[in-house]
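Under my numbering, residues 6 to 192 are what the sequence shown spells out, in order.
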Amino acid sequence: LLNEGFGFTAFDSHIPSGEKKFGETSMVFDGTADYMTIPDHDDFNFGTGDFTIECWLKSKDTSDQSWTGIIDRRDAYPEFEGWSLGLSHGTGVPRFHGIANTPLSGTTDCFDAEWHHVAISRTSGTMKLFVDGSLEATEVLSGDVDRDLNVHIGAGWPNLTGSAGVTEWFGGYIDDVRITKGLGIYT
Numbered sequence: 006l007l008n009e010g011f012g013f014t015a016f017d018s019h020i021p022s023g024e025k026k027f028g029e030t031s032m033v034f035d036g037t038a039d040y041m042t043i044p045d046h047d048d049f050n051f052g053t054g055d056f057t058i059e060c061w062l063k064s065k066d067t068s069d070q071s072w073t074g075i076i077d078r079r080d081a082y083p084e085f086e087g088w089s090l091g092l093s094h095g096t097g098v099p100r101f102h103g104i105a106n107t108p109l110s111g112t113t114d115c116f117d118a119e120w121h122h123v124a125i126s127r128t129s130g131t132m133k134l135f136v137d138g139s140l141e142a143t144e145v146l147s148g149d150v151d152r153d154l155n156v157h158i159g160a161g162w163p164n165l166t167g168s169a170g171v172t173e174w175f176g177g178y179i180d181d182v183r184i185t186k187g188l189g190i191y192t
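As structure tokens, then:
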């Protein structure tokens with residue numbers, strides 16, 4: 006994702022040597038104001054078509070928020086339109102919000118400081134959430150998820166208290182982010 010020429014901006018996040026799932030490095034976020042932004046691009050406008058959003062993550066619960074953003078492209082409060090993949094605070098289960106903020110929730114606690122592969126895949130209007138290769142949730146969500154917004158990695162956009170801005174910080178490591186338009190890779 007970061008090698009595709011979109012240009013990105015890192016806010017206090019960094020790429021350490023040593024901790025990784027694949028390759029030589031991963032992105033690290035300390036859970037307080039670290040995130041990356043990728044400018045709006047048509048490749049992130051999925052419309053009603055197929056898509057896949059996935060990454061490897063290693064996290065611990067570092068926040069007192071109700072949501073920890075992993076990869077996010079939503080409107081500001083109160084609309085919450087667009088899409089977002091994150092972890093529920095307290096349970097650590099992956100959740101995907103899209104199509105009028107309808108959540109799709111997994112079952113695996115990812116706040117265990119172990120590496121997990123998390124993927125959301127839509128094929129022919131059916132959303133599926135996978136954790137470590139196992140299907141954990143499925144639902145028909147065929148609506149339009151287009152929004153002309155930046156993509157945030159390591160944080161969410163809407164603040165649930167009512168003020169807009171990048172919040173919902175992720176604490177841990179994220180590796181091998183992949184966003185694929187036009188193909189639901191996992192079925």
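Think of the CB as a built atom: it goes at the ideal place given N, C-alpha and C, for glycine as much as any other residue. These figures come from a predicted structure and were not determined experimentally.
Residue nearest to residue i in terms of C-alpha spacing, selected from the options
i: Ser-126; options: Gly-159, Gly-103, Thr-172; result: Gly-103
i: Ala-160; options: Tyr-40, Pro-99, Thr-113; result: Tyr-40
i: Gly-95; options: Asp-114, Arg-78, Ile-158, Asp-80; result: Asp-114
i: Ile-76; options: Ile-184, Arg-183, Ile-158; result: Ile-158
i: Thr-192; options: Ser-31, Thr-37, Met-132, Ala-38; result: Met-132
i: Asp-151; options: Gly-36, Asp-80, Met-32; result: Asp-80
i: Ala-118; options: Val-156, Phe-175, Asp-45; result: Phe-175
i: Thr-185; options: Asn-50, Lys-25, Phe-56, Cys-60; result: Phe-56
i: Cys-60; options: Ala-38, Ser-31, Asp-45; result: Ser-31
Classification of residue i by the beta-carbon crowding that lies within 10 angstroms, buried from 16 upward
i: Leu-188; result: exposed
i: Ile-179; result: buried
i: Gly-10; result: For Gly-10, the pLDDT reaches just 47, beneath the cut-off of 50, and the residue's location in the model is therefore unreliable, leaving the point undetermined.
i: Asp-149; result: exposed
i: Ser-193; result: Here the chain covers residues 6 to 192 and nothing more, so residue 193 does not appear.
i: Ala-124; result: buried
i: Asp-47; result: exposed
i: Arg-78; result: buried
Anticipated Cβ contact below 8 Å, residue i with residue j, distance rounded
i: Leu-154; j: Gly-87; result: 6 Å
i: Gly-177; j: Leu-62; result: 6 Å
CB of residue i within 7 Å of CB of residue j, strictly
i: Thr-42; j: Glu-173; result: no
i: Ile-58; j: Leu-90; result: yes
i: Glu-141; j: Gly-111; result: yes
i: Phe-116; j: Ser-64; result: yes
i: Phe-27; j: Asp-181; result: yes
i: Val-136; j: His-121; result: yes
i: Phe-49; j: Val-156; result: yes
Identified DSSP bridge partners for residue i
i: His-102; result: Ser-89, Pro-108
i: Lys-186; result: Phe-56
i: Glu-144; result: Met-132
i: Ala-124; result: Glu-59, Phe-135
i: His-157; result: Thr-42, Asp-77
i: Trp-72; result: Ser-93
i: Thr-172; result: Gly-161
i: Thr-177; result: Sequence inspection shows Gly at residue 177; the Thr mentioned does not correspond to that position. Phe-34, Ser-64.
heavy atom of the ligand MG below 6 Å from residue i C-beta
i: Val-136; result: What this structure holds is no ligand at all, so the ligand MG is not there to describe.
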